[in-house]
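Protein chains: 2
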Amino acid sequence: MIKRTTLADIAKAANVSMMTVSRAINNKPGLGDDLRQHILNLVEEMGYRPNTFARGLATNQTTTIGLVVPDNTNPFFAQIARGVEDAAFENLYNIFLVNTNEDAARETAALETLWQKGIDGVILCSSRLSGEALEYQVQRFPAIVLVNRELKQPHANLITINVNDHRSAQRVLQHFMDLDRKVIAYIGGPANSFSNQRRLEGYKNGLRSAEIPYDPQLVLSTQPTTEGGREAAAALLRRRPEVNAIFAYNDLVAVGAMQVCQEFGKKVPEEVAIIGVDDIPLATIIRPQLTTMHVPLAHIGRLAMRALIDLIGGEGGSAAYQIEPELFIRDSA
Amino acid sequence: MIKRTTLADIAKAANVSMMTVSRAINNKPGLGDDLRQHILNLVEEMGYRPNTFARGLATNQTTTIGLVVPDNTNPFFAQIARGVEDAAFENLYNIFLVNTNEDAARETAALETLWQKGIDGVILCSSRLSGEALEYQVQRFPAIVLVNRELKQPHANLITINVNDHRSAQRVLQHFMDLDRKVIAYIGGPANSFSNQRRLEGYKNGLRSAEIPYDPQLVLSTQPTTEGGREAAAALLRRRPEVNAIFAYNDLVAVGAMQVCQEFGKKVPEEVAIIGVDDIPLATIIRPQLTTMHVPLAHIGRLAMRALIDLIGGEGGSAAYQIEPELFIRDSA
DNA sequence: TTGTGTTGAGTTAGCGCTAACGTAACAGCA
DNA sequence: TGCTGTTACGTTAGCGCTAACTCAACACAA
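Residue numbers (this note's numbering), protein chains in the order written: chain A, -8 to 324; chain B, -8 to 324.
Below you can see the structure in the form of structure tokens.
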């Protein structure tokens, strides 16, 4: 490995002080245009690249943020991550990716190492931390964006981005009403998931508006995977064979449920209508194509990154974005 | 934000020199067990965490690596990334995730910023760089693992991990032979993809062993997506309606092709048998379930990370792992 | 007793960069 | 002419840590 060119090398070559070179490369005022150009030429020629450690040590700033997700393999988070990464790339930021595996302990550990690395901010998706633990994390990082999670108190260095789950559920129920489906099940996600709780609320409210009594037998909780959807749907169909509409926690669950319905000899959408949430790529790959609440995932990712950059720059702060999903009517309902 | 505790703070509290504290936290010899324990207790109490920049500046080591993939949204890379991240987490490494979007220029830019950050090594997946450009990157990083790409010359700081595409293709063709399918198409991926080239070779070889003449009309090139598979399959079916077996570049392409076949009224697998490659989750979600060459993606990710750690530690080097995929026979062939 | 090695520390210097301050030269103005 | 402000640089100091060296104290063999 070749020794790196340092600021001092450039300074010597240009016969100026290191500070002048520093100002030139950081595009700061305080030197003439000719000299600046000359230095930049030298920088180019000599292949100089600033040392991130030295800079970080001196400025206490990296251009690096942490992205914490439960599982980057899940299309939901993969899409968000992609949006974050794209926006990061455009703004010359780098991102640390960490999976928590839906495990609060691992999440804490991940945030710990990220903090050690002195990152400028964090985008934390679907945190499983307790309110108290989350408060602690929020105050220890310079800037933090929470996706899919809220916090009671506002913080100057915090922005939250949440999907309007409540309305999402109501919109789904309304569509089922339009289709004249009255036996509506909700196959929910993990009980400790916040978006699950909000969707369940919306589901109950939707029933109430339609004056349909709430039947606990029609509400299930499962893992947010196809397999989870399969298991829950099988249990549901045994328990309530008369069900004619299923609102699924997400598209993965919806697809699993749809397949089990078909295996039970129930036609989708004729006998059972199914609606998911998220609109992951699978929704249009599967047949029948999935009717689902479209959530602009990549957009959320980009938004999160941009919001974080503003936060780091001292702008914005204490905002709460609400993302309105939209019903994409396809073939399953 | 609270001021961080530094080594000096601990040193003062313990009434020893900073160096002694440094030795204690880095588990190096040179101090008594009692003192070490006392210092570690203080570290714990005072919530001291070493500053990564300072350490990096002094040692020129981060515990950070870069993971470069074309698109983290693609299940293929998402699975690999997950394996890498898991292994990284276990070994207390952090990973920078970067997408290249299959774009050589963006790949170069990404590697440039990673290099600036002084990372210990890179895992580079499906690089689109030219041989020459790749050689340059290999010599500039301390350690590098290439996934899905080879390099002519060996390097002491390089390990490659490749799937045996050639044999993969041959195994697929053999299975088609067993099924007595003779009109076999290959819907390949991007022409500049190395694995595509190797699979095409294997396809041709397989035909030769079976004494089936090579028909260029049966070979297509497309984007490695469902949509790509759809387009290619539609073109194929118009061109050669008598085709009764399709070897697809990957599972996404296979699924797209499968759906188009069905839409054209061709039953899968009765009239057209289809085999993909990779065995992404979608393969078992879709109906009929996809017969495919199973590639242990998460395992490759873990292997890559472990190999990289060995490389960074000065062990290993210049190895070339060959991953043998396995035919998972399901319902599409 | 002297010499030699080992153990357990401390001291020095510097990694590469930037913030903050210092300063020379010159322009503009009363 | 003297004062103030501005521009264009240079100097100093230090971010927090560790490598490499130094050194004292002690054990032990000859």
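Ideal placement from N, C-alpha and C gives every residue a C-beta, glycine not left out.
As the structure is a computational prediction, the values presented were derived from the model and not from experiment.
Member of the options whose CA lies at the smallest distance from the CA of residue i
i	options	result
residue 303(A)	271(A), 153(A) and 149(A)	149(A)
residue 191(A)	155(A), 40(A) and 222(A)	155(A)
residue 320(B)	166(B), 198(B), 287(B) and 185(B)	166(B)
residue 276(B)	245(A), 259(A), 263(A) and 286(A)	245(A)
residue 60(B)	26(B), 139(B) and 21(B)	139(B)
residue 262(A)	268(A), 290(A) and 249(A)	249(A)
residue 200(B)	183(B), 173(B), 189(B) and 178(B)	173(B)
residue 108(A)	-5(B), 22(B) and 265(B)	-5(B)
residue 254(A)	278(B), 288(B) and 238(B)	278(B)
residue 53(B)	87(B), 144(B) and 74(B)	87(B)
residue 282(B)	288(B), 291(B), 290(B) and 272(B)	272(B)
residue 175(A)	217(A), 196(A), 235(A) and 162(A)	235(A)
residue 293(B)	314(B), 284(B) and 309(B)	314(B)
residue 197(B)	161(B), 229(B) and 141(B)	161(B)
residue 65(B)	41(B), 241(B) and 186(B)	241(B)
residue 146(A)	186(A), 324(A) and 310(A)	310(A)
residue 81(A)	296(A), 141(A) and 23(A)	296(A)
residue 75(A)	291(A), 322(A) and 194(A)	291(A)
residue 212(A)	233(A), 185(A), 203(A) and 204(A)	185(A)
residue 331(B)	25(B), 152(B) and 237(B)	For residue 331(B) there is no data in the structure shown, the boundaries of chain B being -8 and 324.
residue 205(B)	225(B), 177(B) and 265(B)	177(B)
residue 144(B)	1(B), 158(B), 218(B) and 127(B)	127(B)
residue 307(A)	256(A), 227(A) and 151(A)	151(A)
residue 2(B)	39(B), 46(B), 72(B) and 220(B)	39(B)
residue 117(A)	180(A), 103(A) and 265(A)	180(A)
Those residues which DSSP pairs with residue i across a bridge
i	result
residue 17(A)	Bridge partners of residue 17(A): none, in fact.
residue 113(B)	57(B) and 135(B)
residue 37(B)	DSSP output for residue 37(B) lists no bridge partner at all.
residue 284(B)	268(B) and 318(B)
residue 85(B)	55(B)
residue 312(A)	152(A)
residue 90(A)	60(A)
residue 211(A)	178(A)
residue 276(B)	None; residue 276(B) has no bridge partner.
residue 237(B)	176(B) and 265(B)
Neighbour list for residue i in chain A, Cβ cutoff strictly below 7 Å
i	result
residue 69(B)	63, 64 and 69
residue 246(B)	276
Contact list for residue i against chain B, beta-carbon separation under 7 Å
i	result
residue 332(A)	Since the first and last residues shown for chain A are -8 and 324, residue 332(A) lies out of range.
residue 140(A)	Those do not exist, as residue 140(A) stays about 21 Å from chain B at its closest Cβ, beyond 7 Å.
Residue i: contacting residues in chain B (beta-carbon distance under 9 Å)
i	result
residue 319(A)	The premise fails here: residue 319(A) is roughly 17 Å from chain B at the closest Cβ pair, so nothing lies under 9 Å.
residue 191(A)	Within 9 Å Cβ-Cβ: nothing; residue 191(A) doesn't reach chain B, min ~25 Å.
residue 76(A)	63, 88, 89 and 90
residue 162(A)	Under the 9 Å cutoff, chain B gives no residues; its nearest Cβ is about 26 Å from residue 162(A).
residue 73(A)	62, 63, 64 and 90
Chain A residues whose Cβ lies nearer than 9 Å to that of residue i
i	result
residue 87(B)	55, 85, 86, 87 and 88
heavy atom of the ligand GDP below 8 Å from residue i C-beta
i	result
residue 89(A)	Here there are no bound small molecules, and the ligand GDP is not part of this structure.
Interface residues of chain B facing residue i [CB-CB closer than 8 Å]
i	result
residue 281(A)	Near residue 281(A) there are no residues of chain B at all, since even the closest Cβ is about 12 Å away, more than 8 Å.
residue 273(A)	273 and 276
Below 8 Å, how does it come out for the stretch 102 to 118 of chain A and the stretch 130 to 141 of chain A: are there three or more Cβ pairs, yes or no? yes
Residues of the stretch 32 to 58 of chain A in Cβ contact with chain B at a cutoff of 9 Å, in chain order, please. 40, 41, 42, 43, 44, 45, 46, 47, 48, 49, 51, 53, 54, 55, 57 and 58
Is the stretch 26 to 41 of chain B touching the stretch 25 to 44 of chain A, taking contact as three or more C-beta pairs under 8 Å? no
Using a Cβ-Cβ cut-off of less than 7 Å, list which residues of the stretch 146 to 158 of chain B approach chain A; keep chain order. none
Along the stretch 250 to 270 of chain B, where does the CB come closer than 7 Å to a CB of chain A? Name the residues. 250
Residues of the stretch 208 to 230 of chain B with a CB closer than 7 Å to any CB of chain A: list them in chain order, please. 217
Are the stretch 10 to 19 of chain A and the stretch 3 to 10 of chain B touching by the rule of at least three beta carbon pairs closer than 8 Å? no
Which residues of the stretch 103 to 120 of chain A have a Cβ closer than 9 Å to any Cβ of chain B? Give them in chain order. 103, 104, 105, 106, 107, 108 and 109
Taking 8 Å as the threshold, find out whether the stretch 117 to 130 of chain B comes into contact with the stretch 297 to 312 of chain B through three or more Cβ pairs. no
Sufficient close CB pairs (3 or more, under 8 Å) joining the stretch 58 to 75 of chain A to the stretch 87 to 104 of chain A: yes
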